[in-house]
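Chains as they are written, first to last, in my numbering: chain A, 10 to 289; chain B, 2 to 373.
Cβ coordinates follow ideal geometry from the N, Cα and C atoms, glycine included.
Here the structure is laid out as structure tokens; the discussion comes afterwards.
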Amino acid sequence: MATEPTGSTDSTQPTKSTHARRLGSADWLSIALVLGGLLLVYYFAPLLSLFLSASPSEVLGRLGDPSVRSAATTSLLSASITTVVATVFGLPLAYWLARAETPWKNGVLAVVVLPLVLPPTVGGVVLLTVFGPNTLLGGTAAAAGLPLTRSLAGVVLAQTFVASPFVVVTAKAAFESVDRTLEHASRSLGKSRWATARNVTLPLAGPGILAGVTLAFARAMGEFGATMMVAYYPRTMPVEIWVSFQSLGLDSAYPVAILLVVISVAALLVLNTVASNPWR
Amino acid sequence: MTLELSGLTNAYGEFTFGPVDLTVEEEVLAVLGPSGSGKTTLLSLVAGIAEPDAGSIVLDGRELVGRPLEDRRVGMVFQEGALFPHMTARENVEYAATSDERVAELAATLELEGVLDRRPATLSGGERQRVALARTLAADPDILLLDEPLSSLDAPIRKRLRDELHGLFASLDIPVLYVTHDQRTATALGDRLAIVRDGELEQVGTPSAVLDRPASRFVARFTGTENVFEGTVAESVGGGEGVWVQVGDVRFRTSTSDVSGSAASASGVSGAADPGSSVTVCIHPSRVELEPVDASVDGGAEQANTVTGTVARWLNEGNEYRVDVEVEGGLTLTASVRPPTFERLGIDTGSELRVLVPPESIHLIPETERPR
Numbered sequence: 010m011a012t013e014p015t016g017s018t019d020s021t022q023p024t025k026s027t028h029a030r031r032l033g034s035a036d037w038l039s040i041a042l043v044l045g046g047l048l049l050v051y052y053f054a055p056l057l058s059l060f061l062s063a064s065p066s067e068v069l070g071r072l073g074d075p076s077v078r079s080a081a082t083t084s085l086l087s088a089s090i091t092t093v094v095a096t097v098f099g100l101p102l103a104y105w106l107a108r109a110e111t112p113w114k115n116g117v118l119a120v121v122v123l124p125l126v127l128p129p130t131v132g133g134v135v136l137l138t139v140f141g142p143n144t145l146l147g148g149t150a151a152a153a154g155l156p157l158t159r160s161l162a163g164v165v166l167a168q169t170f171v172a173s174p175f176v177v178v179t180a181k182a183a184f185e186s187v188d189r190t191l192e193h194a195s196r197s198l199g200k201s202r203w204a205t206a207r208n209v210t211l212p213l214a215g216p217g218i219l220a221g222v223t224l225a226f227a228r229a230m231g232e233f234g235a236t237m238m239v240a241y242y243p244r245t246m247p248v249e250i251w252v253s254f255q256s257l258g259l260d261s262a263y264p265v266a267i268l269l270v271v272i273s274v275a276a277l278l279v280l281n282t283v284a285s286n287p288w289r
Numbered sequence: 002m003t004l005e006l007s008g009l010t011n012a013y014g015e016f017t018f019g020p021v022d023l024t025v026e027e028e029v030l031a032v033l034g035p036s037g038s039g040k041t042t043l044l045s046l047v048a049g050i051a052e053p054d055a056g057s058i059v060l061d062g063r064e065l066v067g068r069p070l071e072d073r074r075v076g077m078v079f080q081e082g083a084l085f086p087h088m089t090a091r092e093n094v095e096y097a098a099t100s101d102e103r104v105a106e107l108a109a110t111l112e113l114e115g116v117l118d119r120r121p122a123t124l125s126g127g128e129r130q131r132v133a134l135a136r137t138l139a140a141d142p143d144i145l146l147l148d149e150p151l152s153s154l155d156a157p158i159r160k161r162l163r164d165e166l167h168g169l170f171a172s173l174d175i176p177v178l179y180v181t182h183d184q185r186t187a188t189a190l191g192d193r194l195a196i197v198r199d200g201e202l203e204q205v206g207t208p209s210a211v212l213d214r215p216a217s218r219f220v221a222r223f224t225g226t227e228n229v230f231e232g233t234v235a236e237s238v239g240g241g242e243g244v245w246v247q248v249g250d251v252r253f254r255t256s257t258s259d260v261s262g263s264a265a266s267a268s269g270v271s272g273a274a275d276p277g278s279s280v281t282v283c284i285h286p287s288r289v290e291l292e293p294v295d296a297s298v299d300g301g302a303e304q305a306n307t308v309t310g311t312v313a314r315w316l317n318e319g320n321e322y323r324v325d326v327e328v329e330g331g332l333t334l335t336a337s338v339r340p341p342t343f344e345r346l347g348i349d350t351g352s353e354l355r356v357l358v359p360p361e362s363i364h365l366i367p368e369t370e371r372p373r
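Pasting the structure below:
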């Protein structure tokens, strides 16, 4: 800032400094807008370019390809099962994490977050040491006719490992946002813990929980690293894209990639419609 | 239906609640104390939101300690109502109701018919508390606990709802524990008052007993007795009841030589005041009368302690004026004066006035308080 002008009249001085301050804040605002805008362009431009890379007829044509249809079916089926499993097992843990008052809590939370920070391929390796064909569990299951690798079960196992933490972490925050007083009020009215959870806590935490479920589904749809290690077959769409890219080149991967984007976005739209909050 | 607490203690961080022994019959017990004194802890322990470290809570012959909230049959009205935001007022009340008739009955009693189909977010503070009360009563509890239900309301609504609560409580045949930090609400609603301080009961008794005969300096100050002085018992009043007490340069005649707090005094110390013993002298401002200095001394006033003084300060508190009068020896007596009297006396800062303190309005507390 320039040195303060001496001898200037009192009337012009404040106007000047106010003006300067306003200019300064406007500059910061435009810089922030440019930064954020660039990031948005970076997100959206490649997606747009992808859709321009293959004609709709090409995409529809690939839909006729049995391997692509099988991959789409496997992805949708496995991601749906994963989402259900993650929700059923994740919500109780999320509730406990939200309400427990023990020093163990942070340790448990660290374990939950671990799959999120682990590279997915490492996740796959870790899973193979437990479910692999030569392990006790994997061997027994395979002998019983339910192989845990190279099977739909394997896909679900890999996706659950990677995607379920989203349910736990997001639902935990949703449960924490529900005022405990409301639970106390419900129970003091003679309602059991379970009735209270069903009638008070779950409806109030619902939107947050659904956000977590949505994230988990999206993550499961896109899972590649761990899935490739545990269950290369049956192919999910990300694996199919990889195979197309490897064997036939980038051009052949475009239509499958577009299909995956369309299916994912459609699934998210459906979830978000269900998640609309009626009392807001 | 009776609630009996015995040896109830609960330590929470730095704060220790209890040990508290208390019996509440089918009456309204107003629990009065400053914030952080343990009022809400008391309710939480009875409701089962917190578990005591020791002691027992017996309601209608059932031990409540160790029972989960839902098995206690304890109704609680929370500070902000704690209505379920995703349900309408009707659904809130129906949630706990034993029958549809009960819902209709409570809606009529609490004048809720017009708001039953609205969600809590669209209700006013007063309406929310009514719905909360209806919801709690719909479960037919064996005891009703209220945690400052009026504290977040505007003054006119608070006063109206307080009057309605008074009538409602009278129709209930269960114990009611009403927690508040507002002395007016406590005395208006309570059949008895329990004064809580630092997690312990300081005094339990009828409103008039607690207000007129506070058991400690703390109770005196908290219930609005602003005139609390150190004094010494000078001598017995010749040929009758009462003693003279010396406060600074002023000597007051009292009508009693009893220096106990009350029957339910926490200290339990009582007995005659020996000359020379130190006492705390309490005079409630509403008992202090003001007169012009040139007024003729009539028969009634002859009996009262009379000093002259100068108005040091006055405050208009709406219903009454609070006048600080500086009398002999630097002693300041506070009087609460109704507006007509204030205007008749033409009181202003510097006015000379005669202060009358009837002997029966002077309450003495022995200097045996536990140090805090």
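Check                                                                                                                           : Outcome
Length of the line joining the Cα atoms of A/L278 and A/A95                                                                     : 20 angstroms
CB contact below 9 angstroms: B/A139 versus chain A                                                                             : yes
Contacts of A/L102 in chain B (Cβ-Cβ under 9 angstroms)                                                                         : None at all; the shortest Cβ gap to chain B is about 22 angstroms.
C-beta contact flag for B/V248 and B/V282 at 9 angstroms                                                                        : yes
Interfacial residues, the stretch 199–210 of chain A to chain B, with Cβ spacing under 9 angstroms                              : G199, K200, S201, R202, A204, T205, N208 and V209
Within chain B, the residues that A/L191 reaches when beta carbons sit closer than 7 angstroms                                  : A83 and F85
Of the listed residues B/P276, B/P69, B/F253 and B/A90, nearest to B/L332 (C-alpha basis)                                       : B/F253
Distance CB(A/A41)-CB(A/M246) smaller than 9 angstroms                                                                          : no
Cβ neighbours of A/S1 in the same chain (closer than 8 angstroms, five flanking residues each side left out)                    : The question about residue 1 of chain A has no answer, for chain A in this structure spans 10 to 289.
Inter-residue Cα distance where the pair is B/A210 and B/G127                                                                   : 31 angstroms
Residue-level contact to chain B via CB, A/W288, 9 angstroms cutoff                                                             : Per-residue confidence for A/W288 stands at a pLDDT of 38, beneath the threshold of 50, marking its modelled position as unreliable; no derived number is given.
Nearest-angstrom Cα separation, counted from A/A227 out to A/L86                                                                : 13 angstroms
Stretch-stretch touch, CB-based, cutoff 8 angstroms, three pairs: the stretch 49–66 of chain B with the stretch 4–21 of chain B : yes
Contacting residues, own chain, Cβ-Cβ under 8 angstroms from A/V248 (five flanking each side not counted)                       : A80, F233, T236, M237 and Y241
CB contact flag (A/L269, A/S84, <9 angstroms)                                                                                   : yes
C-beta contact flag for B/E28 and B/P208 at 9 angstroms                                                                         : no
Selection of the stretch 170–195 of chain A by Cβ proximity to chain B, strictly under 8 angstroms                              : D188, T190, L191, H193, A194 and S195
Inter-residue spacing [alpha-carbon to alpha-carbon] between A/L224 and A/T210                                                  : 21 angstroms
Through-space distance from A/A276 to A/A229, alpha-carbon basis                                                                : 12 angstroms
N- and C-terminal bounds of the alpha helix (DSSP H) containing A/A235                                                          : G234 to V239
Within 9 angstroms, strictly: CB atoms of B/I144 and B/L107                                                                     : no
Rounded distance between the beta-carbons of B/V75 and B/P142, thought under 8 angstroms                                        : 6 angstroms
Beta carbon of B/V197 nearer than 9 angstroms to that of B/G49                                                                  : no
Close Cβ partners of B/A31 (< 6 angstroms) along its chain, the five nearest in sequence each way excluded                      : Y179, A187, L190, G191 and L194
Beta-carbon proximity of B/G200 to B/V66, cut-off 9 angstroms                                                                   : no
Separation of B/V244 from B/S279, as counted between CA atoms                                                                   : 13 angstroms
Between the CA atoms of B/G347 and B/V220 - distance to the nearest angstrom                                                    : 33 angstroms
Short CB-CB distance (under 9 angstroms) between B/P69 and chain A                                                              : yes
With 16 other Cβ atoms within 10 Å as the buried cut-off, status of B/R339                                                      : exposed
Between the CA atoms of B/N93 and B/T246 - distance to the nearest angstrom                                                     : The question names Thr, but residue 246 of chain B is Val in the sequence shown. Taking the straight line joining both Cα atoms gives about 59 angstroms.
Any 3 or more C-beta pairs closer than 8 angstroms across the stretch 156–167 of chain A and the stretch 102–119 of chain A     : no
Proximal residues, the stretch 91–104 of chain B versus chain A, C-beta separation under 8 angstroms                            : Y96 and A97
9 angstroms Cβ cutoff met for B/E227 and B/T342                                                                                 : no
At least three beta-carbon pairs within less than 8 angstroms, the stretch 83–91 of chain B to the stretch 103–122 of chain B   : yes
Distance, B/L212 Cα to A/T179 Cα                                                                                                : 54 angstroms
Three-state secondary structure (DSSP) of B/Q204                                                                                : strand
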